[in-house]
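> Before I ask anything, here is the structure I am working with.
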Amino acid sequence: MSNITEALDERLACLVALEEVAADGVKFTSGAPGPDERKDVNDILLNATKDMLGAKPDLEAFTYGPEQGCETFRKELASFLSQQYGDDVSSSNLMVTAGATQGLHLVLSILSESSAPILVEDPTYFLGLRIFQKDLEREVIPVSADEIGMDLDDLDKKLVSLKRPPKSDSVQDRYWAVIYLMTAFSNPSGLLYSPGKCERLSQLARKHDVLVVVDDVYNLLWYPSSTPSGKPCKAPPRLVSFDKQSDPDYGRGHVISVGTFSKYLAPGIRLGWLEAPDEILSKLYNSGLSNSGGSFNHYMSRLVTKALQSGSVTQHLASVRLQYKNRMDKMCDLLEKHLLEGCSYRKPEGGFYLWLQFPANIDTFEFAQFSAERYGVIFIPGVLASPSEECRNCARLSISAIDEAKIEVGVKELCMAFKDYIMM
Numbered sequence: 001m002s003n004i005t006e007a008l009d010e011r012l013a014c015l016v017a018l019e020e021v022a023a024d025g026v027k028f029t030s031g032a033p034g035p036d037e038r039k040d041v042n043d044i045l046l047n048a049t050k051d052m053l054g055a056k057p058d059l060e061a062f063t064y065g066p067e068q069g070c071e072t073f074r075k076e077l078a079s080f081l082s083q084q085y086g087d088d089v090s091s092s093n094l095m096v097t098a099g100a101t102q103g104l105h106l107v108l109s110i111l112s113e114s115s116a117p118i119l120v121e122d123p124t125y126f127l128g129l130r131i132f133q134k135d136l137e138r139e140v141i142p143v144s145a146d147e148i149g150m151d152l153d154d155l156d157k158k159l160v161s162l163k164r165p166p167k168s169d170s171v172q173d174r175y176w177a178v179i180y181l182m183t184a185f186s187n188p189s190g191l192l193y194s195p196g197k198c199e200r201l202s203q204l205a206r207k208h209d210v211l212v213v214v215d216d217v218y219n220l221l222w223y224p225s226s227t228p229s230g231k232p233c234k235a236p237p238r239l240v241s242f243d244k245q246s247d248p249d250y251g252r253g254h255v256i257s258v259g260t261f262s263k264y265l266a267p268g269i270r271l272g273w274l275e276a277p278d279e280i281l282s283k284l285y286n287s288g289l290s291n292s293g294g295s296f297n298h299y300m301s302r303l304v305t306k307a308l309q310s311g312s313v314t315q316h317l318a319s320v321r322l323q324y325k326n327r328m329d330k331m332c333d334l335l336e337k338h339l340l341e342g343c344s345y346r347k348p349e350g351g352f353y354l355w356l357q358f359p360a361n362i363d364t365f366e367f368a369q370f371s372a373e374r375y376g377v378i379f380i381p382g383v384l385a386s387p388s389e390e391c392r393n394c395a396r397l398s399i400s401a402i403d404e405a406k407i408e409v410g411v412k413e414l415c416m417a418f419k420d421y422i423m424m
């Protein structure tokens with residue numbers, strides 16, 4: 001295990017201990033919906049269960065299910081996603097997973113060589129780093145990022161500098177390198193990629209014949225607003241929609257989208273999907289793992305089909321978007337009032353996370369310990385999300401599982417903690 005992996009494990013263990021210290025305080029650490037949202041999901045799934053297992057029970061739900069996933073579910077999901085994105089999503093390009101993490105692990109295991117390096121934004125999803133480095137034993141290569149996302153010039157240079165291994169019969173269909181990122185409301189920094197940046201990223205993937213795995217788990221959590229025309233906004237486009245088969249340089253397909261219901265229904269249902277062209281997707285649902293077990297969550301996909309058909313998922317999603325927007329507005333208003341000079345942040349347009357930057361001399365891992373122990377406020381220190389161990393002066397604050405009243409208490413206490421910390 002690398003020194004970086006060991007350091008990450010130690011810091012995560014410390015963070016868990018700090019959450020125990022701040023158990024009765026304010027936690028800005030969650031990456032999942034909170035108790036208020038879960039109450040609504042209980043009603044949605046209870047009604048769906050009555051519909052599925054009532055007078056005419058769906059006994060098909062108790063089988064293994066087809067490897068790609070229930071066709072009825074995939075059609076309902078495609079219709080739902082098409083409506084949310086304002087773009088055509090085909091059911092033939094969808095595959096059922098047991099959530100985004102399982103889907104990510106499956107993609108990397110099946111579609112890329114065991115020696116394939118993984119290029120990531122710096123900062124990136126910190127638990128993703130553990131999957132890449134600890135579980136899959138891959139080399140992780142950080143690519144610099146700024147307020148508009150990954151530096152694509154830096155990405156291009158690093159791909160050029162890597163030595164592509166010679167092809168062999170055993171790995172000829174696998175990708176020699178992988179790019180992992182989030183293009184919408186990313187974890188931890190809340191960034192949103194422009195269409196132009198997405199277009200260039202897709203072109204770079206083709207140029208270097210690499211696979212881009214996009215964690216599209218927050219895309220549907222855009223904050224409600226109106227366009228100048230008065231029409232409601234849609235979710236930002238998926239990177240996979242820029243990898244068009246009609247393009248002359250399309251190649252074999254180079255983008256796969258990882259989706260999940262965890263961020264707006266519940267992580268406990270373990271239901272997600274992959275979206276990719278059939279050239280890519282067929283390798284996954286024809287894998288030995290899929291052949292042995294069938295659909296990765298057949299029962300729950302049949303259940304959520306009922307919820308999608310009733311419209312309750314769409315209604316719930318609209319409701320949580322507004323809740324998250326109000327919470328983020330509250331947090332930003334309070335930071336404007338109480339944050340000390342020298343600190344800064346970017347207000348996100350969706351998702352769970354705000355990326356807070358303290359002065360360059362501040363170590364937020366050390367400050368997190370001070371804040372938890374003295375003020376009962378805990379957050380994610382930026383160094384956990386940085387494969388280069390930079391971002392030491394940054395912090396990730398989450399609004400996903402905390403109401404506006406606690407946000408007010410927590411932000412005020414956090415700012416007071418920082419004032420005391422710099423006086424030490």
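Residue 424 is where the sequence shown ends in UniProt numbering, and the numbering goes up by one at each step. By construction, the Cβ of each residue, glycine as well, lies at the ideal position given by its N, Cα and C atoms. In this text, all values refer to a predicted model and were calculated from it rather than measured experimentally.
#1: Taking the straight line between their C-alpha atoms, what separation do you get for residue 406 and residue 356?
#2: Taking three-plus beta-carbon pairs below 8 Å as touching, is the stretch 187 to 198 in contact with the stretch 236 to 243?
#3: Considering just the uninterrupted stretch of the beta strand (DSSP E) at residue 257, what are its terminal residues?
#4: If you run the structure through DSSP and keep just helix, strand and coil, what is residue 223?
#5: Which partner residues does residue 150 have in the DSSP bridge list?
#6: Look at the Cβ atom of residue 8, then the Cβ atom of residue 204, and state whether they are nearer than 8 Å.
#7: Among 251, 166, 141, 53, which has the Cα closest to the Cα of residue 157?
#8: Is residue 231 buried or exposed, if buried means 16 or more other CB atoms sit within 10 Å of its CB?
#9: Just the Cα atoms here: how many angstroms apart are residue 169 and residue 343?
#10: Going by CA-CA distance only, name the one from 383, 352, 178, 32 that's closest to residue 331.
#11: Please report the residue range of the alpha helix (DSSP H) in which residue 72 lies.
#12: Taking the alpha-carbon positions, what's the residue 86 to residue 411 distance?
#13: Does DSSP put residue 63 in a helix, in a strand, or in coil?
#14: Would you mind giving the Cβ-Cβ distance between residue 180 and residue 112, rounded to the nearest angstrom? I have them listed as a contact below 8 Å.
#15: Secondary structure at residue 27, three-state DSSP: helix, strand or coil?
#16: For chain B, find out if any of its Cβ atoms is closer than 8 Å to the Cβ of residue 67; answer yes or no.
#17: Count the CB pairs spanning the stretch 375 to 388 and the stretch 132 to 150 that are closer than 8 Å, and state whether there are at least three.
Short version:
#1: Each residue's alpha carbon lies about 18 Å from the other.
#2: yes
#3: Element bounds for residue 257: 255 to 260.
#4: coil
#5: Note: residue 150 sits in a beta bridge opposite 145.
#6: no
#7: Measuring from the Cα of residue 157, the nearest candidate turns out to be 141.
#8: Residue confidence is low: residue 231 scores 49 on pLDDT, short of 50, so the model does not pin down where it sits. Its coordinate-derived value is still stated next. Flag for residue 231 reads exposed.
#9: Low per-residue confidence applies at residue 169: pLDDT is 45, beneath 50, and the placement is therefore not dependable enough to give any value.
#10: 352
#11: 71 to 85
#12: 36 Å
#13: coil
#14: Contact doesn't hold; Cβ gap of about 10 Å is too wide.
#15: strand
#16: Absent here is chain B; the protein component of the structure consists of one chain.
#17: yes
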